[in-house]
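A.B. asks: Quick one: this structure, given as structure tokens, is what I'll be asking you about.
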């Protein structure tokens, strides 16, 4: 079995962060189990959430969450609708302390197909950076490191 950081949300203001044991075989009924690690409040209804573990400054463990109140924004023509909510990013320590939060605004469509978000190790400082669209953010404080439009 291998493990994967998982976030579960269903029209809730809190999300459950856990480790999901992923089955290594395709055996019928072998679905894995979710083990609760902690629960954090995002302060708004959440229908779409993406979470990923990462290293904060100095290599301390943490995770980021990208979330929105809209259920799904899919590029399929019969599914697409323009969202009512905006995409937000938040970074937490492994104990659930929120370090920072940022609302990306109406110009960013919150669907995972429209705005991928990745934690990447870019500058040899001991911690990951958060890369989304054309921007890169430092994780501990949320400071913007660069913007491709501005810094090119």
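Residue numbers (the working numbering): -14 to 137. The C-beta atom is built at its ideal place from N, Cα and C for all residues, glycine as well. Everything numeric in this text was worked out from a predicted model, so none of it was measured.
Secondary structure at residue 42, three-state DSSP: helix, strand or coil?
C.D. replies: Note: residue 42 maps to helix in three-state DSSP.
A.B. asks: Please classify residue 47: does DSSP put it in a helix, a strand, or coil?
C.D. replies: Reduced to three states, the DSSP call for residue 47 is strand.
A.B. asks: Can you tell me whether residue 94 is helix, strand or coil according to DSSP?
C.D. replies: In this structure, residue 94 counts as coil in the three-state DSSP scheme.
A.B. asks: May I have the straight-line CA-CA distance separating residue 49 from residue 59, to the nearest angstrom?
C.D. replies: Distance between the alpha carbons of residue 49 and residue 59 is about 22 Å.
A.B. asks: Please confirm whether residue 71 and residue 45 have their CB atoms less than 8 Å apart.
C.D. replies: Contact: no.
A.B. asks: Measuring only the C-alpha atoms, how far is residue 81 from residue 67?
C.D. replies: Each residue's alpha carbon lies about 31 Å from the other.
A.B. asks: Rounded to the nearest angstrom, how far is the Cβ of residue 29 from that of residue 54, given a contact under 8 Å?
C.D. replies: With a Cβ gap of about 6 Å, residue 29 and residue 54 count as contacting.
A.B. asks: Specify whether the segment 90 to 98 and the segment 36 to 43 touch according to this definition: at least 3 beta carbon pairs, one from each stretch, less than 8 Å apart.
C.D. replies: Cβ pair count under 8 Å is below three, so no.
A.B. asks: Ordered along the chain, which non-local residues of its own chain (more than five positions away) have a Cβ less than 7 Å from that of residue 84?
C.D. replies: Cβ neighbours of residue 84 beyond the five flanking positions: 76, 77, 78, 125.
A.B. asks: In angstroms, rounded to a whole number, what distance separates the CA positions of residue 61 and residue 103?
C.D. replies: Rounded to the nearest angstrom, the two C-alpha atoms are 23 Å apart.
A.B. asks: Helix, strand or coil for residue 129, going by three-state DSSP, please let me know.
C.D. replies: Here residue 129 sits in strand by DSSP.
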